[in-house]
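The structure under discussion appears below in the form of structure tokens.
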Amino acid sequence: MFILILLILVPLSLWPQYVRRERFANEQERRMFYDLDDWISYKKSRIFSSVTIGSHYIYFGTKDGGILRYQFLENYWDYPFTTSNGLPSNRILDLVYDKSTSFLWAITPGDVAIFNPASEEWIRKSEASSWTYQFPDTGDGNNSRDIPRERFRGRGELQNLPHFFANGDYSIIGDWILMDRHFQEFPITGYVRDRYDRIWFVINGFGIGQGDLYSQRADFYEIGLPDISPRTIAYQYDDIWIGGIGRTRSRDTRPGIARWPYNRSGWEYFQARWISHLPRDDVNDIAVDGDSIWFATEYG
């Protein structure tokens with residue numbers, strides 16, 4: 005957990021490349037010195053490219069935060085795969101899980117990599133002296149009412165789903181747009197149906213949705229760091245608070261203070277533009293006093 009704190013606090017553009025600058029010939033040599041979870045990075049993870057389902061995990065490929073992993077048998081978010089633990093890039097163009105080999109394939113702009121669960125390492129094509137791995141067949145597989153199981157479908161195929169109703173403070177409006185209580189709108193860009201007939205949505209600029217195909221209701225969870233340069237972190241019991249300085253200010257960005265609850269699936273964000281008694285959400289320090297949280301801002 006100590007390493008996790010360091011990775012969040014140091015500017016995000018620096019740490020994911022740090023391990024790559026070590027004098028190792030390839031990823032296999034690096035793994036002789038570091039375990040898979042010795043270096044962990046959490047990034048914004050705001051733009052989703054693909055989803056694939058393995059034997060224990062649902063993998064969410066992002067274009068800005070590597071691969072998010074949800075352990076669906078025990079229902080928890082595991083640490084992500086990023087350049088810190090072997091990926092050639094945090095920009096994932098496509099993900100495919102091969103059931104016959106249990107390999108996870110990641111397609112990035114400049115390389116192809118597979119994750120071998122037996123050795124717990126990423127094997128990159130650019131570093132291999134020979135490449136004997138065969139890309140898995142990505143046929144439609146098992147279809148039911150034009151909603152195939154365990155096959156990612158993009159925004160153009162959302163029309164095959166029945167209408168879903170969002171729980172909590174969210175609404176699904178128009179052409180598969182998620183709207184929050186502040187009337188911010190986020191496009192649902194794809195989905196996958198798992199073996200339990202749950203529908204997993206990906207929402208650009210927001211996070212993840214989980215729906216039941218039969219009740220046609222869905223819960224939505226915000227995921228990832230805000231649009232900030234992190235400066236401080238604090239524990240309140242089992243929860244983590246993260247503060248920093250917002251990079252840009254526009255309707256399409258999500259700055260603010262983040263709370264990462266231990267016993268919930270999503271993150272929480274506190275933004276000055278929505279909270280009248282919070283004059284500023286650029287934070288330089290956080291202090292915890294029991295049930296109270298103190299934030300050091302430019303306004304005191």
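Heads up, the sequence shown is in this note's numbering, so the first residue is 5 and it goes up one at a time.
Ideal Cβ positions, reconstructed from N, Cα and C, are used throughout, including at glycine.
Any chain B beta carbon closer than 8 Å to residue i
i, result
"V196", "This model lacks chain B altogether, as it is built from one protein chain only."
Nearest to residue i (by Cα), restricted to the options the options
i, options, result
"D82", "S45, N94, L97", "S45"
"T105", "F139, R268, L97, G114", "F139"
"H167", "A122, L72, D201, G215", "G215"
"S54", "K48, I71, Y38, D150", "I71"
"D295", "W245, D231, D285, D39", "W245"
"G178", "Q163, G172, H186", "Q163"
"G247", "Q240, P234, T257, Y239", "P234"
"Y101", "N120, P92, T86, G90", "N120"
"L282", "S134, V292, W298, N171", "W298"
"S123", "W278, T56, G90", "G90"
"R153", "P230, T86, N288, G58", "G58"
"Y292", "D231, G158, Y239", "Here residue 292 turns out to be Val, not Tyr, going by the sequence shown. Residue Y239 is the option with its Cα nearest to V292."
"D242", "D42, N267, I232", "N267"
"R159", "D141, I207, K129, R199", "I207"
"S219", "Y174, R277, L165, I212", "L165"
"F76", "D141, F52, A117, Y200", "Y200"
"I192", "A110, D198, G211, H186", "G211"
"Q188", "T301, W278, I51", "W278"
"D173", "K103, G114, H60, H186", "H186"
"P92", "R128, E78, Y80", "R128"
"Y74", "F169, V287, D286, G213", "G213"
"I203", "F169, A132, G260, P230", "F169"
"F156", "V196, D150, D184", "V196"
"W264", "H60, D285, R284, P230", "P230"
"G114", "S130, L108, A222, M183", "S130"
"G2", "S49, W43, T87, D42", "The shown model of the chain, from 5 to 304, leaves out residue 2, and the question about it has no answer."
"T87", "F107, I249, D41, R251", "D41"
Backbone secondary structure at residue i - three-state DSSP
i, result
"S130", "helix"
"R268", "coil"
"S93", "coil"
"L162", "helix"
"S233", "strand"
"T193", "strand"
"S219", "coil"
"D289", "strand"
"N147", "Note that N147 has pLDDT 49, beneath the 50 cutoff, so the model's placement of it is unreliable and the number below is only indicative. Note: N147 maps to coil in three-state DSSP."
"S49", "coil"
"S305", "Summary: the structure shown does not reach residue 305, with the chain confined to residues 5 through 304, and so no result is reported for it."
"S296", "strand"
"R284", "coil"
"A276", "coil"
Cross-strand partners of residue i (DSSP beta bridge)
i, result
"I118", "W109, I127"
"Y101", "L108"
"V305", "Nothing about residue 305 can be read from this structure; the chain reaches only from 5 to 304."
"A170", "A222"
"Y365", "Lying before the first or after the last residue shown, residue 365 is absent from the chain, which here runs from 5 to 304."
"Y80", "Q75"
"Q156", "One detail in the question is off: residue 156 reads as Phe in this sequence, not Gln. Paired residue(s): none; F156 is not in a bridge."
"L182", "I176, F190"
"G211", "I207, E226"
Between the segment 93–105 and the segment 50–65, are three or more C-beta pairs nearer than 8 Å? Contact holds: three or more Cβ-Cβ distances are below 8 Å.
Just checking, does the segment 212–232 make contact with the segment 266–281 on the three C-beta pairs under 8 Å criterion? Short answer: they touch.
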